[in-house]
Amino acid sequence: MAGKPRLHYFNTRGRMESIRWLLAAAGVEFEEKLIQTPEDLEKLKNDGSLMFQQVPMVEIDGMKLVQSRAILNYIATKHNLYGKDIKERALIDMYIEGVADLIEMIMYLPMTPRDEKDAKITQIKDRTINRYLPAFEKVLKSHGQDYLVGNKLSRADIHLVELLYYVEEVDPSLLANFPLLKALKTRISNLPTVKKFLQPGSARKPLLDEKAIEEARKVFKF
Amino acid sequence: MAAKPKLCYFRGRGRMESIRWLLAAAGVEFEEEFIETREQYEKLQKDGRLLFGQVPLVEMDGMVLTQTKAILSYLAAKYDLYGKDLKERVRVDMYADGTLDLMMMIALAAFKTPGEKEENLALVVKKAKTCYFPAFEKILKDHGEDFLVGNKFSWADVQLLEAILMVEELDASVLSDFPLLKAFKTRISSIPTIKKFLQPGSQRKLPPDSHYVKTVRKVLQL
Chain Y
126 MAGKPRLHYF
136 NTRGRMESIR
146 WLLAAAGVEF
156 EEKLIQTPED
166 LEKLKNDGSL
176 MFQQVPMVEI
186 DGMKLVQSRA
196 ILNYIATKHN
206 LYGKDIKERA
216 LIDMYIEGVA
226 DLIEMIMYLP
236 MTPRDEKDAK
246 ITQIKDRTIN
256 RYLPAFEKVL
266 KSHGQDYLVG
276 NKLSRADIHL
286 VELLYYVEEV
296 DPSLLANFPL
306 LKALKTRISN
316 LPTVKKFLQP
326 GSARKPLLDE
336 KAIEEARKVF
346 KF
Chain R
102 MAAKPKLCYF
112 RGRGRMESIR
122 WLLAAAGVEF
132 EEEFIETREQ
142 YEKLQKDGRL
152 LFGQVPLVEM
162 DGMVLTQTKA
172 ILSYLAAKYD
182 LYGKDLKERV
192 RVDMYADGTL
202 DLMMMIALAA
212 FKTPGEKEEN
222 LALVVKKAKT
232 CYFPAFEKIL
242 KDHGEDFLVG
252 NKFSWADVQL
262 LEAILMVEEL
272 DASVLSDFPL
282 LKAFKTRISS
292 IPTIKKFLQP
302 GSQRKLPPDS
312 HYVKTVRKVL
322 QL
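Which chain is which? The protein sequence lines are Y and R, in order.
This note's numbering puts the first residue of the first sequence at 126, with every later residue one more than the last.
This note's numbering puts the first residue of the second sequence at 102, with every later residue one more than the last.
Pasting the structure below:
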């Protein structure tokens with residue numbers, strides 16, 4: 126029997142969190158080897174495990190995969206969460222790239238210099254309610270189905286709901302005028318695998334506060 | 102007979118160039134509409150064809166696609182340039198994503214101030230020489246085959262050639278320590294569709310100049 130996938134990353138959300146969400150939603154148990162010191166990271170680099178000297182890295186099915194997009198594509202295909210044909214996959218890809226762009230903006234907010242932070246938050250809020258959420262609300266409205274693509278659960282729904290949780294953390298009122306997205310969030314959150322992942326004690330990582338970032342900065346010197 | 106794909110972007114490389122390369126490599130003729138004014142861009146946005154209000158935009162096979170990676174994955178799958186199975190596909194994704202990262206650094210450097218631009222481009226060359234090119238040289242060395250994945254031409258080969266040529270524009274000697282990449286470059290450049298694309302008068306675009314940067318800034322109000 127194949128071993129569990131093993132995730133190599135820092136003890137943060139960063140570029141690994143979407144992978145944790147997708148594995149969890151697919152009902153796949155996984156292990157995590159957390160990088161806690163610069164020596165941990167050096168060791169990974171030196172033993173040739175990281176193709177481009179970067180994490181995330183996931184050991185799965187006898188491979189050492191890097192590049193979060195490649196990893197997510199693999200997991201989604203393997204677990205039938207990528208649509209039924211290449212046209213559905215193109216739609217899913219289009220949606221999730223948009224989700225990834227906004228997640229990236231939110232994820233890197235704590236790293237913004239203090240004097241630029243307010244402007245960045247304003248930009249995030251603006252993009253959220255004027256660019257991204259309306260696009261997804263419109264998709265759901267256009268077909269009236271429970272899922273974004275092909276009337277079936279796909280990674281697009283998982284990644285979008287992950288985003289909606291982050292949007293709520295930024296400002297819960299941002300979701301106010303998007304009833305279909307709110308309903309999607311509830312629906313996906315109630316799926317048994319997702320519900321389990323949302324509970325305390327799961328592999329889900331918390332929002333980093335300023336103190337935690339300062340610590341990480343000192344340890345990893347960035 | 103199917104209509105030709107229609108590309109909509111600025112008259113320059115940016116985030117569309119890899120798409121042009123892949124279409125050309127696959128021997129697919131395509132049309133281009135170039136965005137030159139803010140008014141054109143606003144009309145595109147009002148038309149509702151830009152899911153997140155952004156280009157690149159590619160219309161093909163009855164779909165209105167945005168998001169570079171979504172478009173590239175669709176083309177790779179459609180034209181059988183994505184490996185023969187899931188395990189090959191994840192390798193194509195890993196390699197393509199890595200080269201795209203490198204090329205994006207070059208594309209974005211054009212928009213920095215002169216000092217920052219020099220610094221960023223120097224960093225790109227350094228990363229190419231110390232991280233990316235060694236990784237690909239090793240892949241070619243380990244299997245001794247002509248192509249990166251599965252002994253067959255794929256999207257990964259197209260992207261790597263594109264990246265090599267782009268970095269060579271910054272530093273002509275960048276391949277001096279990579280004999281297998283040199284041979285790879287010659288070999289892939291000789292493929293008829295690619296050879297044609299590399300000739301003057303093709304739809305391949307030039308490196309970003311001040312006119313291009315000015316146009317993009319004006320249109321996107323950066």
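Note that beta-carbon positions come from the ideal geometry of N, C-alpha and C, so glycine has one too.
Every value quoted in this text rests on a predicted model; they were computed, and no experiment measured them.
Using a Cβ-Cβ cut-off of 9 Å, A260 of chain Y is close to L152, F153 and G154 of chain R, given in chain order.
Taking each of Y:A151, Y:A225 and Y:Q248 in turn and checking the Cα distance to T169 of chain R, the smallest one comes out for Y:A225.
Counting only Cβ-Cβ distances below 7 Å, K245 of chain Y has no contacts in chain R at all, with the closest Cβ about 16 Å away. Chain-order list of chain Y residues neighbouring Q168 of chain R: D218, M219, E222 and G223, by C-beta distance under 8 Å.
Looking only at R:M117, R:E137 and R:V268, the smallest Cα-Cα distance to V225 of chain R is reached by R:V268. Using a Cβ distance threshold of 7 Å, K212 of chain Y and G275 of chain Y do not count as a contacting pair. For I144 of chain Y, no beta strand (DSSP E) encloses it; the enclosing alpha helix (DSSP H) starts and ends at E142 to A150. Under the DSSP assignment, K209 of chain Y falls outside any alpha helix (DSSP H); it carries neither an H nor an E label. Bounds of the alpha helix (DSSP H) holding R139 of chain R are R139 to D148. DSSP, read as helix, strand or coil, puts I120 of chain R in helix. Under the three-state reduction of DSSP output, R131 of chain Y falls in the strand class. T318 of chain Y has no beta-bridge partner at all, per DSSP. Residues of the segment 228-240 of chain R with a Cβ closer than 7 Å to any Cβ of chain Y, in chain order: C232, Y233 and A236. For A151 of chain Y, the CB contacts under 6 Å within the same chain, skipping 5 residues up- and downstream, are H204 in chain order. The beta carbon of R288 of chain R sits closer than 7 Å to the beta carbons of D247 from its chain, once the five residues preceding and following it are set aside; these are given in chain order.
With respect to chain Y, the C-beta atom of V268 of chain R has no partner C-beta closer than 7 Å. Contact between D243 of chain R and A195 of chain Y is absent: CB atoms are separated by about 18 Å, not below the 8 Å threshold. Residues of chain Y with a Cβ closer than 8 Å to the Cβ of K179 of chain R are, in chain order, I211.
One finds Y199, T202 and K203 in chain Y with Cβ atoms closer than 8 Å to the Cβ of L187 of chain R, taken in chain order. Judged by DSSP secondary structure, L159 of chain Y falls within the beta strand (DSSP E) whose first and last residues are E156 to I160. Annotation: the segment 168-220 of chain R contains the following complete segments of the alpha helix (DSSP H) (minimum length 4 residues), in chain order: 169-179 and 187-210.
In terms of beta-carbon proximity, Q270 of chain Y stays away from the interface with chain R, with every pair separated by 7 Å or more. By alpha-carbon distance to L262 of chain R, the top candidate from R:C232, R:I295 and R:R114 is R:I295.
Closer than 7 Å to the CB of M195 of chain R there is at least one CB belonging to chain Y. By the neighbour-count criterion, in which a residue is buried when 16 or more other Cβ atoms sit within 10 angstroms of its Cβ, G128 of chain R is exposed. The continuous alpha helix (DSSP H) containing V317 of chain R extends over residues S311 to L321. Contact annotation: L166 of chain R and V159 of chain R have beta-carbon atoms nearer than 7 Å. Annotated as proximal: V259 of chain R and W122 of chain R, with beta-carbon spacing under 7 Å. Taken in chain order, the segment 266-335 of chain Y contains no complete beta strand (DSSP E) segment of 3 residues or longer. Any Cβ of chain Y closer than 7 Å to the Cβ of S277 of chain R would place that residue at the interface, and such an atom is absent.
Of all alpha-carbon atoms in R:E238, R:L299, R:D272 and R:S274, the one lying nearest the alpha-carbon of M176 of chain Y is that of R:E238. Taking C-beta atoms as the reference points, W146 of chain Y and I338 of chain Y fail to come closer than 7 Å.
Here S143 of chain Y has S193, L197, A225, I228, H284 and E287 as same chain residues with Cβ atoms under 8 Å from its own Cβ, once five neighbours each way along the sequence are excluded. Contact check between the segment 253-262 of chain Y and the segment 175-194 of chain R: fewer than three CB pairs, one atom from each, fall below 8 Å, which does not count as touching. At a beta-carbon threshold of 8 Å, none of the residues of chain Y lie near D243 of chain R; the nearest stands roughly 11 Å away.
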